[in-house]
Amino acid sequence: MTIKIVLAAAVLVLSPTIAMAACASHSQSASQCTQGQVWNAEMQKCVATSS
């Protein structure tokens, strides 16, 4: 039973670290674009709106 508790605790402690590592390559998103800009998924950056 002690091993189960240790393994469960390890999973709970390491889960956020693993999740952050999986998203490390995503440095910017649409919510970070300044006013007058939109997220361009193809270019992977914010660009000025055309309208």
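Everything in the sequence shown is counted per this note's numbering, starting at -8 for the first residue and increasing by one.
Quick reminder that beta carbons are idealized off the backbone N, C-alpha and C, glycines included.
- DSSP places residue 28 within a strand segment (E or B) once states are collapsed to three.
- Between residue 40 and residue 23, the C-beta gap is not smaller than 8 Å, which leaves the two residues out of contact.
- When the Cα atoms are used, residue 1 and residue -6 turn out to be separated by approximately 10 Å.
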